[in-house]
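Participant: Here our numbering is used: the first residue of the sequence shown is 3, the next is one more, and so on.
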Amino acid sequence: METMFQQKNSAVWFCTVFFIPSSLLFLSFFLAQVAKSYIHLHSSYVVQWERRIRRKNEKKRAKAERAKEAQQNAEVASKSAENAASDDVKVPSSPDEENNGFNTISYTEEEE
Numbered sequence: 003m004e005t006m007f008q009q010k011n012s013a014v015w016f017c018t019v020f021f022i023p024s025s026l027l028f029l030s031f032f033l034a035q036v037a038k039s040y041i042h043l044h045s046s047y048v049v050q051w052e053r054r055i056r057r058k059n060e061k062k063r064a065k066a067e068r069a070k071e072a073q074q075n076a077e078v079a080s081k082s083a084e085n086a087a088s089d090d091v092k093v094p095s096s097p098d099e100e101n102n103g104f105n106t107i108s109y110t111e112e113e114e
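#1: Could you spell out where the alpha helix (DSSP H) holding Phe-20 opens and where it closes?
#2: In this structure, how does DSSP classify Lys-10 when only helix, strand and coil are distinguished?
#3: Return no unless some Cβ of chain C is closer than 8 angstroms to the Cβ of Ala-37.
Structural data, given as structure tokens:
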């Protein structure tokens, strides 16, 4: 069976010895660089994702801590309000009772 193009021995040797190995070498280096750049790009995105997730977690943690502190403050305030309400606080019914035993002395000009 005859081929359409005649193959010369030199062309076969050229492809076997030079072209195929050099193209394989070039493609392997090229694909290695493509893989390296993809890994670098992917790692930078992973770092961004990690930062974003950490920020969200820090915000959630801070919000939970603030809610816990607010709840504790509310409990303390309610306990102190209960304690204050349970103490006997005497409300003065007349202005004389407001003085709490202090006598006011008023002088006139003649007495001096």
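We treat Cβ as the ideally placed atom computed from N, Cα and C, and that holds for glycine.
Facilitator: Taking the coordinates as given:
#1: Per DSSP, Phe-20 belongs to no alpha helix (DSSP H) and is neither H nor E.
#2: coil
#3: Looking at the structure shown, chain C is missing, and only one protein chain is on hand.
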